[in-house]
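There are 2 protein chains.
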Amino acid sequence: MKSRRKFLIHLGTGLIPVTFGFTPDSLLFKTDNPPKDKKLRVALMGLGSYANRVADAMKDSKYAKVSGVISGTPSKIADWKKRFDIPDKNCYNYGNFDAIKDNDEIDAVYIITPNALHHGQCLRVAAAGKHVICEKPMAINAKEGQEMVEACDKAGVELLIGYRMRFEANTLEIVKMREAGEFGEIKFFQGLSGFKIGDPNQWRLDPKLAGGGAMMDIGIYAINGTRYMVGEEPIWVTAQEVKTDPIKFKEGVDETITFQLGFESGVVASCLSTYSMNYLDKFFLNGTKGFAELKPATGYGPIRSETHKGRLDLPHITHQTKQMDEMAKIILEGKKPTIPVDGKDGLKDLKIIDAIYQSVKQGSKVMLDL
Amino acid sequence: MKSRRKFLIHLGTGLIPVTFGFTPDSLLFKTDNPPKDKKLRVALMGLGSYANRVADAMKDSKYAKVSGVISGTPSKIADWKKRFDIPDKNCYNYGNFDAIKDNDEIDAVYIITPNALHHGQCLRVAAAGKHVICEKPMAINAKEGQEMVEACDKAGVELLIGYRMRFEANTLEIVKMREAGEFGEIKFFQGLSGFKIGDPNQWRLDPKLAGGGAMMDIGIYAINGTRYMVGEEPIWVTAQEVKTDPIKFKEGVDETITFQLGFESGVVASCLSTYSMNYLDKFFLNGTKGFAELKPATGYGPIRSETHKGRLDLPHITHQTKQMDEMAKIILEGKKPTIPVDGKDGLKDLKIIDAIYQSVKQGSKVMLDL
Chain A
1 MKSRRKFLIH LGTGLIPVTF GFTPDSLLFK TDNPPKDKKL RVALMGLGSY ANRVADAMKD
61 SKYAKVSGVI SGTPSKIADW KKRFDIPDKN CYNYGNFDAI KDNDEIDAVY IITPNALHHG
121 QCLRVAAAGK HVICEKPMAI NAKEGQEMVE ACDKAGVELL IGYRMRFEAN TLEIVKMREA
181 GEFGEIKFFQ GLSGFKIGDP NQWRLDPKLA GGGAMMDIGI YAINGTRYMV GEEPIWVTAQ
241 EVKTDPIKFK EGVDETITFQ LGFESGVVAS CLSTYSMNYL DKFFLNGTKG FAELKPATGY
301 GPIRSETHKG RLDLPHITHQ TKQMDEMAKI ILEGKKPTIP VDGKDGLKDL KIIDAIYQSV
361 KQGSKVMLDL
Chain B
1 MKSRRKFLIH LGTGLIPVTF GFTPDSLLFK TDNPPKDKKL RVALMGLGSY ANRVADAMKD
61 SKYAKVSGVI SGTPSKIADW KKRFDIPDKN CYNYGNFDAI KDNDEIDAVY IITPNALHHG
121 QCLRVAAAGK HVICEKPMAI NAKEGQEMVE ACDKAGVELL IGYRMRFEAN TLEIVKMREA
181 GEFGEIKFFQ GLSGFKIGDP NQWRLDPKLA GGGAMMDIGI YAINGTRYMV GEEPIWVTAQ
241 EVKTDPIKFK EGVDETITFQ LGFESGVVAS CLSTYSMNYL DKFFLNGTKG FAELKPATGY
301 GPIRSETHKG RLDLPHITHQ TKQMDEMAKI ILEGKKPTIP VDGKDGLKDL KIIDAIYQSV
361 KQGSKVMLDL
């Protein structure tokens, strides 16, 4: 099911509009005022702590609601059914969720499972003809990511990645200021992303489920942030790995990696990804005329921001509420977000992660082709 | 002339004290209360803007005073003679300053000339039997630095490098906190040092006089800062260069370099050196129990500082006044500074700079042996 979105995007690039069975009135559809009776009906896959956070935030969403669940744990399903008033017919497990194809009460599936499972699950959701929202990282390498993009494209469903910061007010204001030239020529970006990870037995420290270490989970914020803050795609990467606890951080699970991204324009980014320290979460964008700092930059908020003109500190809206509102508008109305959150964009982060791991391995610069 | 300092340092390391012609009373000499009639008498070599700043600051020094000048510009000498009440006999030019050997009104020469001149000038001052204070970088490569250390050692004179931050109150308090374990195990340091350089015709952009680019002049703050903030010597370095203006920044003059320093303990430092942007000058030290941030970190002050316990922001004392007071105590009384500022220490920064340039050239990690 090709959505209205494709049509509107083509309009935006100046192509001649063609009506596909809906009236011209629909072209005047205001994205801020969708029909009140239509919400994006989302089934959450994987009922861990982040899924709980998303579902709670969706209670305040005007455009999306929890309509189904997919879980391997019957007791969790029972709990969620009560909390979100979900009928039996909208509850699935990992064995039978392909049947969601025939469920007309579910529009999209939000995959919130361990990283290494995203690829296979996304392919099954796409095959069932439902839109896919997938937590970051969308997969554990670019090859998987590419297959997901192709599968969703082929099935005619959206693939959106859970980059909640791309809808955050301070972040968007800074991007807007950059586009208006308020920082002059951009020269430098710094992203310090990390935290001290606790429980050594969690899936994030299991290379088979996590597909990597801190880079997959938290370093990706610095990668992603570099791209949307700089507003240009990097052309090379260098990276250095340090491991102080090889028991906790097994082979294939990176603890701390510093990495640098270079750009055609001469911008350079210097980033940190780590599972072994707190007091981080800082973005710093520097140009010839001014700077912007986000600190914290990507936590659950409030995000705090400062520029050469003074503090911004725009009002906090629960990120997951805002994300689901915006993703519903993208899927239901073809709204084009300020910063893309689609699979093709998420794939670029995976290409950079692949290159970071390769640079660590070979000890030299790796060129990027995004 | 071997100074009293060597003797006291030996005492400090537990060697048996031997009196070299002075009475045991002198061992009780309090470094905070030197004889009021004895000040370190300093001749300034190179009367540019920084020399003016140093000389003005020395007006408030209790332990050092401007007693002579060495300059190639007669009009500058005339001006300084008036301003600092300097007799004719204490004024030299670059041709005749070796005669300072016979001047018993000069104890030390402070070299504040272009980087590439330091080496030759230091060797001549040492040969004249005067203590040497030399601006950073002490020389333009480690080979030169090593020769300077050896020359001063042979001549029995002190060689101190103008690292004014090593006497700054906020910096020293953070070092003290680190030594007391207040940040836990140190994990990460970040030093962002740079500014947008102006006049394209200044000596700092002439490779023959500067011996390099931003790294020599401002990047060295991040290098030096990494070492005193982390409190450990790095064992490897990686570096990446970016040049956006090859007209202004000629061959041999680095514009922007990102570099990383690794430590035996697993600490990693991520630094920036640049001549093409402002809004920098930030140090960030991160450990398992807390952090420290200096912002600005190395400007002329006031330095502003924050830790996980709150803001420090200790009172500002003009850095150059404090530096000259402390250096006078080191030379006259053998005081041991909290952080070393001697030539052997300065030489380590040059070894790191050599390795940074090498890493840029070869595109891979360079091991350090400090």
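Residue numbers (full-length UniProt numbering), protein chains in the order written: chain A, 1 to 370; chain B, 1 to 370. Beta carbons are placed, not taken as given, at the ideal position from N, Cα and C, and that holds for glycine. Please read these numbers as outputs of a predicted model, since none were measured by experiment.
ask   = Measuring CA to CA, which of A:E333, A:K329, A:A328 and A:T298 is closest to H316 of chain A?
value = Residue mapping note: residue 316 of chain A aligns to position 316 of the first sequence, counting from 1. Closest by alpha carbon: A:T298.
key: Three-state secondary structure assigned by DSSP to P74 of chain B   = If you number the second sequence from 1, residue 74 of chain B lands on position 74. Three-state result, P74 of chain B: helix.
key: For residue 395 of chain B, the three-state DSSP class (helix, strand or coil)   = Limits of chain B in this structure are 1 at one end and 370 at the other, which puts residue 395 of chain B out of reach.
query = Shorter than 7 Å from the beta carbon of G363 of chain A to some beta carbon of chain B?
reply = Here residue 363 of chain A refers to the residue found at position 363 of the first sequence. So yes, G363 of chain A belongs to the interface.
message = Within 8 Å, do at least three Cβ pairs link the stretch 225-236 of chain A to the stretch 256-270 of chain A?
response = yes
ask   = Which chain A residues sit within Cβ distance under 7 Å of T258 of chain B?
value = If you number the second sequence from 1, residue 258 of chain B lands on position 258. Simply Q260, V268 and S270.
task = Output, in chain order, the set of chain A residues within a Cβ distance shorter than 7 Å of S305 of chain B.
result = Working through the second sequence from its first residue, we reach residue 305 of chain B at position 305. Going along chain A, no residue has its Cβ under 7 Å from S305 of chain B, so there is no contact; the nearest lies around 14 Å.
message = Quick check on N170 of chain B - is its C-beta less than 7 Å from some C-beta in chain A?
response = Start at 1 with the first residue of the second sequence, and residue 170 of chain B comes out as number 170. Answer no: the Cβ-Cβ gap between N170 of chain B and chain A never drops below 7 Å.
request  = Identify every run of the beta strand (DSSP E) within the stretch 145-233 of chain A, keeping only runs that are complete inside it and at least 3 residues long; order them along the chain.
outcome  = 159-161 and 186-194
key: Separation of E333 of chain A from P34 of chain A, as counted between CA atoms   = As a working note, residue 34 of chain A is residue 34 in the first sequence. As a working note, residue 333 of chain A is residue 333 in the first sequence. Only weak support exists for where P34 of chain A lies, its pLDDT of 49 falling under 50; the value from the coordinates is given anyway. Approximately 8 Å, taken between the alpha carbons.
request  = Would you kindly work out how many angstroms separate the C-alpha atoms of I9 of chain B and K336 of chain B, rounded to a whole number?
outcome  = As a working mapping, residue 9 of chain B is identified with position 9 in the second sequence. As a working mapping, residue 336 of chain B is identified with position 336 in the second sequence. Note that I9 of chain B has pLDDT 34, beneath the 50 cutoff, so the model's placement of it is unreliable and the number below is only indicative. When rounded, the distance between both Cα atoms is 8 Å.
ask   = Which one or two residues does DSSP pair with W80 of chain A in a beta bridge?
value = As a position in the first sequence, residue 80 of chain A is number 80, starting the count at 1. According to DSSP, which records beta bridges pairwise, W80 of chain A is partnered with nothing at all.
request  = Express the C-alpha separation of M327 of chain A and G156 of chain A in angstroms, rounding to a whole number.
outcome  = Taking the first sequence and counting its residues from 1, one reaches residue 156 of chain A at position 156. Taking the first sequence and counting its residues from 1, one reaches residue 327 of chain A at position 327. Cα to Cα, G156 of chain A sits roughly 16 Å from M327 of chain A.
request  = Within its chain, find whatever has a CB closer than 6 Å to the CB of A292 of chain B; leave out the 5 residues flanking it on each side and keep chain order.
outcome  = Here residue 292 of chain B refers to the residue found at position 292 when the second sequence is read from its first residue. Cβ within range, chain order: I174, L285 and T307.
request  = Apply the 10 Å Cβ neighbour rule to A180 of chain A and answer buried if 16 or more other Cβ atoms are within range, or exposed otherwise.
outcome  = In the first sequence, residue 180 of chain A corresponds to position 180, counting from 1. Under this definition A180 of chain A is an exposed residue.
task = Could you tell me which uninterrupted beta strand (DSSP E) segments, each at least 3 residues in length, are contained entirely in the stretch 285-316 of chain B, listed from first to last along the chain?
result = 291-294 and 305-307
Rounded straight-line distance, which links the Cα of S305 of chain B to that of S359 of chain B = Locating residue 359 of chain B in the second sequence gives position 359, counting from the first residue. Locating residue 305 of chain B in the second sequence gives position 305, counting from the first residue. Straight-line Cα distance between these residues: approximately 32 Å.
Contiguous alpha helix (DSSP H) assignments of at least 4 residues, all confined to the stretch 81-146 of chain A = 118-127
request  = Select from A:N141, A:S71 and A:D60 the residue whose C-alpha is nearest the C-alpha of D354 of chain A.
outcome  = The residue labelled residue 354 of chain A in the question sits at position 354 within the first sequence. Per the Cα distances, A:N141.
Within chain A, partners of Q240 of chain B - CB distance below 8 Å = Translated into positions along the second sequence, residue 240 of chain B becomes position 240. Within 8 Å Cβ-Cβ: T238, Q260, G262, V268 and K365.
ask   = Grouping DSSP H, G and I as helix and E and B as strand, with all else coil, what is residue 401 of chain A?
value = Shown here, chain A extends from 1 to 370; a query on residue 401 of chain A therefore has no answer.
ask   = Got a sec: which bits of the stretch 211-234 of chain B sit with their beta carbon under 9 Å from any beta carbon on chain A, in order along the chain?
value = none
key: Simplified DSSP state of S61 of chain A, which is helix, strand or coil   = Mapped onto the first sequence, residue 61 of chain A falls at position 61. Reduced to three states, the DSSP call for S61 of chain A is coil.
query = Going by alpha carbons, who is nearest to D153 of chain B out of B:D342, B:S364, B:V366 and B:L209?
reply = Here residue 153 of chain B corresponds to residue number 153 of the second sequence, with the count starting at 1. With distances taken between Cα atoms, D153 of chain B lies closest to B:D342.
key: For L261 of chain A, the first and last residue of its enclosing beta strand (DSSP E)   = Here residue 261 of chain A refers to the residue found at position 261 of the first sequence. L261 of chain A -> beta strand (DSSP E) spans T256 to F263.
key: Cβ pair Y110 of chain A, I133 of chain A closer than 7 Å   = Numbered from 1 along the first sequence, position 110 holds the residue referred to as residue 110 of chain A. Numbered from 1 along the first sequence, position 133 holds the residue referred to as residue 133 of chain A. Yes; because the gap between Cβ atoms is below 7 Å, this pair is in contact.
ask   = In whole angstroms, what is the alpha-carbon distance linking L370 of chain A and K344 of chain A?
value = Looking up residue 370 of chain A in the first sequence gives position 370. Looking up residue 344 of chain A in the first sequence gives position 344. Near 10 Å, if we compare the C-alpha coordinates of K344 of chain A and L370 of chain A.
message = For S49 of chain A and A55 of chain A, what's the separation of their Cα atoms in angstroms?
response = On the first sequence, position 49 is the one that residue 49 of chain A refers to. On the first sequence, position 55 is the one that residue 55 of chain A refers to. If you take the alpha carbons of S49 of chain A and A55 of chain A, they lie about 10 Å apart.
key: Identified DSSP bridge partners for K282 of chain B   = Counting from one through the second sequence, the residue named residue 282 of chain B turns up at place 282. Answer by DSSP bridge pairing, in chain order: B:L192.
C-beta contact flag for K81 of chain B and A64 of chain B at 7 Å = To locate residue 81 of chain B, count along the second sequence from 1; it is residue 81. To locate residue 64 of chain B, count along the second sequence from 1; it is residue 64. Their beta carbons are not under 7 Å apart, which means K81 of chain B does not touch A64 of chain B by this criterion.
inquiry  = Considering only heavy atoms of the ligand HEM, does any lie closer than 6 Å to the CB of K196 of chain B?
reply    = You won't find the ligand HEM in this model; it holds no ligand whatsoever.
inquiry  = Taking only three categories from DSSP, how would you classify D342 of chain B?
reply    = The sequence position of residue 342 of chain B within the second sequence is 342, counting from 1. Strand at D342 of chain B.
Which of helix, strand or coil DSSP assigns to E326 of chain B = Residue numbering aside, residue 326 of chain B sits at position 326 when the second sequence is read from its first letter. Correct three-state label for E326 of chain B: helix.
ask   = chain B partners of K187 of chain A, CB-CB under 7 Å?
value = To locate residue 187 of chain A, count along the first sequence from 1; it is residue 187. Within 7 Å Cβ-Cβ: S276 and M277.
request  = Go through its chain and collect everything with a Cβ distance to Y228 of chain A's Cβ below 6 Å, but skip five positions before and after it.
outcome  = Here residue 228 of chain A corresponds to residue number 228 of the first sequence, with the count starting at 1. Contacts found: I339.
query = Quick one: which chain B residues come within Cβ less than 7 Å of F291 of chain A?
reply = In the first sequence, counting from the first residue as 1, residue 291 of chain A sits at position 291. Residues of chain B passing the Cβ test: Y279.
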